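Let me begin by presenting the structure, written as structure tokens, before commenting on it.
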Amino acid sequence: MGATALRNGPSPVPAPIDSIVEVRGISKTYGNVEALRGIDLDFPRGKLTSLLGPSGCGKTTLLKIIAGLIRADGGTVAINGKRVSAPGPERAFVFQDFALMPWATVTRNVAFGLELRGTNKAEREETARRYIAEVGLAGFEDKYPHELSGGMRQRVGLARALSVDADVLLLDEPFSAVDEQNRRKFQEDLIRLRTNQNKTFIFVTHSIEEAVYISDRIVLLSPRPGRVSQIIEPEIDRSGDPERIHRDRHYLDTVDEIWQGLKQYVE
Amino acid sequence: MAVSIRTDGEAASLAPLSNRSATGASWDQPILLRLVSIALFAGVWEVAGRIPVSFAFPTFSDTIIAFFGLLADGSLATAYLSTLQPLVLGVVLSAFLGVGLGTICGLWRTGEWLVIPVFIVLQAAPVAAFIPMVTFVYGIGMTAKTLAVMILALPVIVLNTYKAVRNVNGSLLVMCRSFMGTRWQTVSKIILPDASPVIFAGLRLGVAAGFVGVVLAELLITPTGIGDLITFHRSRADYAEMYATIASIIALSTLTLVFLQWVEVRVFRPESRGA
Ligand SMILES: Nc1ncnc2c1ncn2[C@@H]1O[C@H](COP(=O)(O)OP(=O)(O)OP(=O)(O)O)[C@@H](O)[C@H]1O
Ligand SMILES: [Mg+2]
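For the record, the sequence lines run as chains A and B.
Using my numbering, the first residue of the first sequence is number 21, and each one after it goes up by one.
Using my numbering, the first residue of the second sequence is number -7, and each one after it goes up by one.
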């Protein structure tokens, strides 16, 4: 008891940021393709961190390693200080291709994570309905995925991830199969969700604008083998009108700065 | 009268089988088309019977009358009682065994290597040739007939199930794993529902093959049931009765397949019921 009190007491070193996900020395090689090399990263709790980088630099690989869906060749991933190597209840994944069961209604799809955990039907459908409304799909509970647009399907994927009440949401280019209008709407929703839900988001994207618009922190990865090349924290006030943010000086400068950094890889 | 015309016609026109939209929204038109198709079929049969194309080819109306005769004297009922037992037993056994075996082979490499080649050979071989061999080993009883049904029905069910399970949607598997689905949950909640359309296609083919099997067995080995009724009427040159018997088994087979499709859409793939 005394030891605990001591540890919690005032410490001489500056308080470290509270990281929920800690990635240490992760590397991954597929056959003779070295996808990731020595990735060290901390993801602060309650923030939205974007992984940004050129195609093929290993963003999806890194996200899936954090999710426990791919085994790393070396290094460790810790969630809340505990090492993990398989999927767990504290993480939920939103898939680029939605991964919805075509034979199940929106409600059953959203409740699927809870169904697998053995939550009883009434309770999980109640939870599902709440999150369906949260992502703006109220009224579509009994529809099947093929009756929804791409944007709506991705909202189902997001609601499914929210409904298991994980601390960390992992999103792999969730908007890449969604049209521009829906994408904008979705980005705003995500900003709102991050404020309301107090969850940690790790977000993979191709788009610099998107990353700057929604992220608290942006991790730039270099091309193969993926390494952390830069970390940027755009401090943008998102409380106002979304249109205003897109014209904000600081927003535009940050986008430009990142573009300058990435340009070398494209040329 | 109207009822039996419909039965005969359905037997001939396979429309309800291939036409998925029959379960869809526009009901009136397919029904009209089907009635026309049935009437057309009956008409052609009637004309062909009257020409006649062969002295052994009865007209449609004679066949219908013969059908009611067979119903009235009870010979059809007796025949079906004897045919349906091995048929139902064989088909049900093949369905469970086939789907089970196919699933195991789809999930488990060793099982695949051990079992699948056997069924590929069985499917390629003219298996009807094995039926006399079955009689040789198992005599002419119920066992032989059931085995005949299974020899024909099993390979296509196993192979379709195996193929469907092997080609299951990979991203759904990853999704299930990411939400910590167990092995059993993955099989029951993802793999089988995802595979069910192809599995059911296999079941339909298997059931149809089962009908072939039981009739072959009764024609070739054990002169009982429907096979015997056909042989008996042929030997007496009662061609109308013979055709009525044949048509009745075709109709039964078709209705069974339609029912199977109904079950599939109802229970396993509600989303394909149509918007
Ligand atoms: N299963 C696999 N087998 C072999 N190579 C793979 C596999 N998955 C990814 N790779 C390779 O690893 C590298 C990183 O892939 P990854 O999908 O993580 O990139 P990414 O940054 O997500 O790319 P994108 O932006 O195009 O989605 C790529 O060069 C890819 O070809
Ligand atoms: Mg990717």
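From the three backbone atoms N, C-alpha and C, an ideal C-beta is built for every residue, glycine too.
Fair warning: this is a prediction, and the values are worked out from it, not measured in the lab.
Counting only runs of 4 or more residues that sit fully inside the region 189 to 272 of chain A, the alpha helix (DSSP H) segments are 200 to 217, 228 to 234, 262 to 267, in chain order. In terms of beta-carbon proximity, residue 179/B stays away from the interface with chain A, with every pair separated by 8 Å or more. Rounded to whole angstroms, residue 153/A and residue 126/A show a C-alpha spacing of 12 Å. Checking the 7 Å criterion, the Cβ of residue 230/A is out of range of every heavy atom belonging to ligand 2.
Along the length of the region 54 to 100 of chain A, whole alpha helix (DSSP H) runs at least 4 residues long occupy 79 to 87, reported in chain order. The chain-ordered list of residues whose CB is nearer than 7 Å to some heavy atom of ligand 2 reads 79/A, 80/A, 116/A, 192/A, 193/A, 224/A. Residues of the same chain with a CB within less than 8 Å of the CB of residue 208/A, apart from the 5 flanking positions on each side, are 262 in chain order.
A straight line joining the alpha-carbon of residue 255/B with that of residue 129/A spans about 22 Å. A check of alpha carbon separations from residue 45/A across 92/A, 139/A, 239/A identifies 92/A as the nearest. Distances taken from the Cβ of residue 73/A to the heavy atoms of ligand 1 include one shorter than 7 Å. Within the chosen limit of 7 Å, ligand 1 reaches the beta carbon of residue 244/A through at least one heavy atom. Between the region 192 to 210 of chain B and the region 145 to 155 of chain B, the count of C-beta pairs closer than 8 Å reaches three or more; the two stretches touch.
Using a cutoff of 7 Å, the CB of residue 43/A does not count as near ligand 1, since none of the ligand's heavy atoms is closer than that.
For residue 261/B, the chain A residues whose Cβ falls inside 9 Å of its Cβ are 122, 123, in order along the chain. Cα atoms of residue 204/B and residue 55/A: separation of roughly 56 Å, rounded to the nearest angstrom.
Here residue 240/B is buried, its C-beta having at least 16 other C-beta atoms within 10 Å. Judged by pairs of C-beta atoms under 8 Å, the region 182 to 198 of chain B does not touch the region 216 to 232 of chain B, as fewer than three such pairs exist. Rounded to the nearest whole angstrom, the C-alpha separation of residue 78/A and residue 189/B is 36 Å. Residue-level contact check: residue 164/A touches chain B, since one or more beta carbons of chain B fall below 8 Å from its beta carbon.
For the region 157 to 169 of chain B, the set of residues with a beta-carbon nearer than 8 Å to any beta-carbon of chain A comprises 163, 164, 166, 167, 168, 169, in chain order. For residue 45/A, the enclosing beta strand (DSSP E) stretches over residues 39 to 50. Considering only 246/B, 103/B, 196/B, 243/B, the residue with the shortest C-alpha distance to residue 83/B is 196/B. Using a Cβ distance threshold of 8 Å, residue 234/A and residue 252/A do not count as a contacting pair. The C-beta distance from residue 194/B to residue 153/B rounds to 6 Å, short enough to fall under 8 Å. The continuous alpha helix (DSSP H) containing residue 255/B extends over residues 231 to 255. Excluding residues up to 5 positions away in sequence, 157, 179, 183 lie with their Cβ nearer than 8 Å to the Cβ of residue 99/B in the same chain. In the three-state reduction of the DSSP assignment, residue 261/B falls in the coil class.
Under the DSSP definition of a beta bridge, residue 113/A partners with 190/A.
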